[in-house]
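Numbering (this note's numbering), first residue to last: 28 to 109. Glycine included, C-beta positions come from ideal geometry on N, C-alpha and C. The structure presented is a predicted model; accordingly, all values stated were derived computationally and were not measured. Report on the structure given below.
The structure is reproduced here in structure tokens:
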């Protein structure tokens, strides 16, 4: 999954014609961290958020953490046993 997110970031960065160096400067994430993320998908949540904000995609990032509502405690228990 992390690699999927990284590849989405790479595609968007390239579509916007932003270099890695420019994105690093805009986001405040080091160039080395950005390069590692784009290659491996590994990054801290804080840095990912900074990159998302720099690319105007913070709303998409927030969608990854939407809470799924449960109607009952039984649904919570059943979800945990899956």
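What would DSSP say about residue 80, mapped onto helix, strand or coil? helix
Rounded to whole angstroms, what is the Cα-Cα separation between residue 86 and residue 101? 31 Å
Alpha carbon of residue 46 to alpha carbon of residue 74, nearest angstrom: 17 Å
So, residue 80 versus residue 56, is the Cβ gap smaller than 7 Å? no
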